Amino acid sequence: MAVSLTVEFSGGLEALFNNSRSMNLSLASRDGSESSPTIADLVVHLCEKVMTSKRRELFVIDGYHVRPGILVLINDADWELEGEEEYVIQQGDQILFASTLHGG
Amino acid sequence: MGRMSRSELNAEIARLKTRIAELENDIAELDKDSGSAGRETETETETELGLEEYIRYGRQMLVPEIGKPGQLALKKTKVLVVGAGGLGCPALTYLAGAGFGTIGMVDEDTVSLSNLPRQTVYSGSSIGMLKVDAAVEVLRSRNENVKYVCYPVAVRHDNVFDIVRQYDIVLDCTDTAMTRYLLGDATRLLGKPLISASALRTEAQIVVLNVGPDGPCYRCLFPKPPQHVDACSDAGIIGPVVAVAGTVQALEAMKVALGQIPTGQQRTMTLFSGIHGPTWRSVRIRGWQRSCIVCGDRATVSEWDITSGKYDYSEFCGIPDGYPDINSSHSISVKELERRIKSPHVLLDVRDRTQYGICNLPGSINVPLSELLGYDHPAALCSIADRVKAEAVPVFVICRFGNDSRTAVQLLRSSHRIGRVFDVTGGLDMWTEHVDSSFPRY
Numbered sequence: 001m002a003v004s005l006t007v008e009f010s011g012g013l014e015a016l017f018n019n020s021r022s023m024n025l026s027l028a029s030r031d032g033s034e035s036s037p038t039i040a041d042l043v044v045h046l047c048e049k050v051m052t053s054k055r056r057e058l059f060v061i062d063g064y065h066v067r068p069g070i071l072v073l074i075n076d077a078d079w080e081l082e083g084e085e086e087y088v089i090q091q092g093d094q095i096l097f098a099s100t101l102h103g104g
Numbered sequence: 001m002g003r004m005s006r007s008e009l010n011a012e013i014a015r016l017k018t019r020i021a022e023l024e025n026d027i028a029e030l031d032k033d034s035g036s037a038g039r040e041t042e043t044e045t046e047t048e049l050g051l052e053e054y055i056r057y058g059r060q061m062l063v064p065e066i067g068k069p070g071q072l073a074l075k076k077t078k079v080l081v082v083g084a085g086g087l088g089c090p091a092l093t094y095l096a097g098a099g100f101g102t103i104g105m106v107d108e109d110t111v112s113l114s115n116l117p118r119q120t121v122y123s124g125s126s127i128g129m130l131k132v133d134a135a136v137e138v139l140r141s142r143n144e145n146v147k148y149v150c151y152p153v154a155v156r157h158d159n160v161f162d163i164v165r166q167y168d169i170v171l172d173c174t175d176t177a178m179t180r181y182l183l184g185d186a187t188r189l190l191g192k193p194l195i196s197a198s199a200l201r202t203e204a205q206i207v208v209l210n211v212g213p214d215g216p217c218y219r220c221l222f223p224k225p226p227q228h229v230d231a232c233s234d235a236g237i238i239g240p241v242v243a244v245a246g247t248v249q250a251l252e253a254m255k256v257a258l259g260q261i262p263t264g265q266q267r268t269m270t271l272f273s274g275i276h277g278p279t280w281r282s283v284r285i286r287g288w289q290r291s292c293i294v295c296g297d298r299a300t301v302s303e304w305d306i307t308s309g310k311y312d313y314s315e316f317c318g319i320p321d322g323y324p325d326i327n328s329s330h331s332i333s334v335k336e337l338e339r340r341i342k343s344p345h346v347l348l349d350v351r352d353r354t355q356y357g358i359c360n361l362p363g364s365i366n367v368p369l370s371e372l373l374g375y376d377h378p379a380a381l382c383s384i385a386d387r388v389k390a391e392a393v394p395v396f397v398i399c400r401f402g403n404d405s406r407t408a409v410q411l412l413r414s415s416h417r418i419g420r421v422f423d424v425t426g427g428l429d430m431w432t433e434h435v436d437s438s439f440p441r442y
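Note that the protein sequences, when read in sequence, are chains A and B. Sequential numbering of the first sequence, starting at 1, is according to my numbering. Sequential numbering of the second sequence, starting at 1, is according to my numbering.
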């Protein structure tokens, strides 16, 4: 089943997505089943259909796993609190991918 | 005495600098003691305020969340600021103003011109001075009730515990991933609250760590090192953005000193975006992690592992510099470039568009490295390739310091099959140094 969600990028990740910091998406489960898509489905979709740069390694490693140093926030909560890649996306969710900063 | 290696000598110098700071501290303590009537009086001054202090801190004591007990709590607290740059300057200013009892500051750098737009503690006359020396002079003139301790050293695996141990709260105002992990681990192992902040371009992040029964440490939050890090000197920073973060750090330090410890749902990281999207976001973060290698159930990294150098931070962070070596026959010096641009050629500048817009060499063409790497056939490159093939002219690739240009040269030779491509060694920085001193450095 397809769900609508908002995806946001910050901390420099927007450069991989044509400098887009916020976008609305409609997403179905990758396997085409009735179940709602997960964060893992979203990450694949972003890499395959949305990313405009071919520097995929700045977003994912080892296939489609979000690179260390990127915070994933589901409705303003650390994805670790929500089940990480397995989290099932709900209608209207807001997912933020934020690169951690180190400057000072 | 046997001959020491460079790294041994540097380690020895760092150790001695720390020791000198400690001894200078001891002298300050002695001077203070001889001016008072002994130990009892000293305790008295810590639990009481002088008349001058009632006036000085009156405005903040009027705030119920602080009051007199809060002011006394601040006076009893020793706070350490690591890094006296864009974050450290506003943090130090407000910590000193608020009346913390002791403020330690660690930084080995000297003040430079490019610091002045945002490191507001320093002035033009501070250029060339050690940051800690310049800062302590200003801070003392603002509030001499505070005891200031200067450490003109870099935090290292062999001095971080000795320094941190003497304080109650630590502010991470540093600028590299490696130092952030080192300071995160040392503060966790010593049980000291850590107020961490960072900033880049238009954004900043602030988080309070090592507090409460189930609060996370830096490594709980970021168990794996980042694989790609931008520095302020490359990606840029805006003064007010980093100042917001440093100012929030000072406020968080006051809250921790007052005993306001965030737990559960209040455990948040603050994201500040100065220009785009929502300005402030408070996001809920994970708690303590069972699997953490520093504070988890089966922690494997101890103080000894760190101080002895057994745990290797540069290996852990291991961000390779990633720039290829260029065969010397494929590179030219800036002097040679000066000569060869008198004949037909293509001068390709691979800096990003913003940097190209700051200054560029006449006749150069800008195709940013990010576009060369990010797209198979950047339009701008296709026309260059056509021209190079039709006219058989050489391509000279230049950037700011001669790093990105190496990556570009390799890419153009391998992927784009352009033959006569040459790296300009040392980039525009060397151009200013050896060819045209009027070309701006930034």
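All C-beta atoms, glycine included, are put in the ideal place defined by N, C-alpha and C. Bear in mind that the values here come from a model prediction, so they are computed numbers and not experimental data.
Judged by their CB atoms, B/L190 and B/V155 are not nearer to each other than the 8 Å cut-off. Counting the other Cβ atoms within 10 Å of the Cβ of B/C359 gives fewer than 16, which makes it exposed. Between B/N159 and B/T18 a beta carbon distance of about 5 Å is seen, short of the 8 Å cut, so the two are scored as contacting. Between the segment 59-73 of chain A and the segment 253-260 of chain B, the count of C-beta pairs closer than 8 Å stays below three; the two stretches do not touch. Per the coordinates, the alpha-carbon of B/S233 lies some 17 Å from the alpha-carbon of B/L369.
At a cut-off of 8 Å between C-beta atoms, B/P362 does not count as an interface residue with respect to chain A. Put simply, of A/R67, A/R55, A/E86, A/L81 the residue whose alpha carbon is nearest the alpha carbon of B/I285 is A/L81. Annotated three-state conformation of A/F9 is strand, per DSSP. Note on geometry: alpha-carbon atoms of A/N19 and A/L101 lie some 18 Å from one another.
B/D423 is classed as buried because its beta carbon has at least 16 other beta carbons within 10 Å across all chains shown. Separation of the CB atoms of B/G287 and B/R267 is rounded to 6 Å, and the pair is thereby assigned contact status at 8 Å. For the segment 40-68 of chain A, the set of residues with a beta-carbon nearer than 9 Å to any beta-carbon of chain B comprises T52, S53, K54, R55, E57, L58, I61, R67, P68, in chain order.
At least one CB atom of chain A sits nearer than 8 Å to the CB of B/A204. Along the segment 74-161 of chain B, the beta strand (DSSP E) occurs as fully enclosed runs of 3 or more residues at 78-82, 102-106, 147-151, listed in sequence order. When DSSP states are grouped into helix, strand and coil, B/D185 belongs to the helix group. The alpha carbon of A/E14 has as its nearest neighbour, out of B/T202, B/L116, B/G184, the alpha carbon of B/T202. Scanning B/D325, B/C399, B/G277, B/L130 for the CA closest to the CA of B/Y356 turns up B/C399. Neighbours of B/V229 in chain A, taken as residues at a C-beta separation under 7 Å, are given in chain order as H102. One alpha carbon belongs to B/L209, the other to B/D172, and they sit about 10 Å apart.
Burial check for B/K131: the Cβ neighbour count within 10 Å reaches 16 or more, so the residue is buried. Within chain A, the C-beta atoms nearer than 7 Å to that of B/I237 come from G103, in chain order.
Closer than 8 Å to the CB of A/D78 there is at least one CB belonging to chain B. For the pair A/T38 and A/I89, the CB atoms are nearer than the 8 Å cut-off. When the alpha-carbon of B/I365 is set against those of B/P223, B/S383, B/D376, the nearest one is in B/S383. Separation of A/E34 and A/A2 (C-alpha to C-alpha, rounded to the nearest whole angstrom) is 9 Å.
Contact residues of the segment 147-175 of chain B toward chain A are C173, T174, D175 (C-beta to C-beta distance below 7 Å). Taking a beta-carbon distance threshold of 8 Å, B/G86 counts as an interface residue toward chain A.
Nearest CB-CB separation between A/S20 and chain B: not below the 8 Å threshold. Inclusion of B/A231 and B/A91 in the CB contact set at 8 Å is not warranted, their separation being larger than that value. B/N403 carries a coil assignment under DSSP once its states are collapsed to helix, strand and coil. Counting C-beta pairs closer than 8 Å gives fewer than three between the segment 308-315 of chain B and the segment 329-344 of chain B, which falls short of the contact rule.
Taking a C-beta distance under 8 Å as the contact criterion, A/Q91 and A/S29 do not qualify as a contact pair. Here DSSP, grouped into helix, strand and coil, assigns B/R267 to coil.
By the criterion of a C-beta distance shorter than 8 Å, B/L139 is surrounded in its chain by L92, T93, A96, I103, V121, V146, Y148, once the five residues flanking it on both sides are discounted. Under the three-state reduction of DSSP output, B/W280 falls in the strand class.
Within the segment 373-407 of chain B, the residues whose Cβ lies closer than 9 Å to any Cβ of chain A are, in chain order, L373, G374, Y375, D376.
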